[in-house]
Amino acid sequence: MKPAVYHKLHFRTKEILGIDTKMLEEGIPFSKAVRKFLKWCGPDPRFCTWGSTDLVELQRNMKYYGMLNLLRGPVFFFFLQKLFGLVYEGEKTARSLEYAIKFLDMEQEGDFHRALNDARYTAEIFSSMPVETALKNYSIDCYQNPRNKKEEIYTVFDNYSKFISREFPSKEDAMRDREVTATKCFLCGRTARKKVRWFSVNPKAHLCLAWCPEHGYFRGKARLKKTDEGKYYVVKTLKKIDKEEADSVREKKDALRKKRRQKRHQTEEKA
Ligand SMILES: [Zn+2]
């Protein structure tokens, strides 16, 4: 693809991509490439990416060219890096595409980090996956986040539920919203009462512990996301956990409280 905004590549990028500026200038312009690509995709496509930010970059660029209306978000997709971890390693891992190809003993032809090669490798890995696992564990890209209540998203997976809120002017407003802070058991629909109220783990994440009399403990996690326009929305997950994991949420809160108290003492002593 031919670059329009930055015509010079960073030397490190050149090194990774193994291409130079001249090769890029021979490409086709972004807007034309995107139109061609979306036409090839057909109506209602499902995307599959290895990295977590590919769709963000695509949409950010489309926005720059005023053509984001061609791809309405939030965009549902298969996040292959996550699926690879779930299927082959039994947990969430963050492996490189190269690692996965070697792991699966797939034939390597062509360099990595070249769009077409990487796309082909990604497709090959995806086609080796059990369909059920993939379909059950889809992801939602929220570069085009929900704007209003009507657009909010609520989905239930095997052992957790996910809620993506509308946008708020500030983090504080977001964490004050009733819908954001609610902890509803996704198995029976009743309110799971909070055993530990929402507390911040870091500026971007809050945790809580809730309990349903019928279904036990749930760990709530609220991640605050900032939009390009400086607004905030929340991705909240409610995961079914056991007693041990519930204890570790409590411990985490206590540890944070102690740490903060210590800090306060230190600054008071200094003053
Ligand atoms: Zn329940």
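Numbering of the sequence shown is given in my numbering, commencing with residue 1 and proceeding in unit increments. The C-beta atom is built at its ideal place from N, Cα and C for all residues, glycine as well.
Contact test: ARG95 Cβ vs ligand 1 heavy atom, cutoff 7 Å: no
Environment of PHE37 [buried if 16+ CB atoms lie within 10 Å]: exposed
Opening and closing residue of the beta strand (DSSP E) in which SER161 lies: 160-164
Contiguous beta strand (DSSP E) assignments of at least 3 residues, all confined to the stretch 46-116: 47-49, 75-79
Close Cβ partners of LEU71 (< 6 Å) along its chain, the five nearest in sequence each way excluded: none
HIS265, buried or exposed, once every other Cβ within 10 Å from all chains shown has been counted against 16: exposed
Every unbroken beta strand (DSSP E) inside the stretch 146-202 [3 residues or more]: 153-156, 160-164, 193-202
One or two residues paired with TRP211 in a DSSP bridge: ARG193, TYR217
Cα-Cα separation, PHE79 to THR267: 45 Å
Residues bridged to ILE140 (per DSSP): PHE76
Option in ILE101, ILE241, MET62 with minimal Cα separation from PHE218: ILE241
Coarse secondary structure for SER258, derived from DSSP in three states: Here residue 258 turns out to be Lys, not Ser, going by the sequence shown. Correct three-state label for LYS258: helix.
Reference ALA174; option with closest CA among THR191, TRP198, PHE157: TRP198
Any non-hydrogen atom of ligand 1 closer than 7 Å to LEU187 Cβ: yes
Per-residue burial, ASN69 [other beta carbons within 10 Å of its own, 16 or more giving buried]: exposed
Neighbour-count burial assignment, CYS185, 16 or more Cβ in a 10 Å radius: buried
CYS212 beta carbon near ligand 1 (any heavy atom closer than 7 Å): yes
Cβ shell of CYS212 (< 6 Å), same chain only, five flanking positions each side left out: CYS185, ALA192
Any non-hydrogen atom of ligand 1 closer than 7 Å to ARG190 Cβ: yes
Between the CA atoms of TYR138 and PHE76 - distance to the nearest angstrom: 7 Å
Chain C within 8 Å of ALA222, Cβ atoms only: Considering every chain present, this structure includes no chain C. It has just one protein chain.
When LYS204, GLY51, GLU214, VAL34 are compared against LYS236, the one with the closest alpha-carbon: LYS204
Assigned secondary structure, THR227 (DSSP; H/G/I helix, E/B strand, else coil): coil
Enclosing alpha helix (DSSP H) for LYS32 [first to last residue]: 30-41
Cα-Cα separation, ARG223 to ALA123: 30 Å
Option nearest ARG129 by Cα separation, candidates ALA246, LYS221, CYS48, CYS41: The amino acid at residue 129 is misidentified as Arg; the sequence shows Met. Among ALA246, LYS221, CYS48, CYS41, the Cα nearest to that of MET129 is on CYS48.
Cβ distance (whole Å) where TYR233 is taken to contact ARG190 below 8 Å: So it is not a contact: roughly 26 Å between Cβ atoms.
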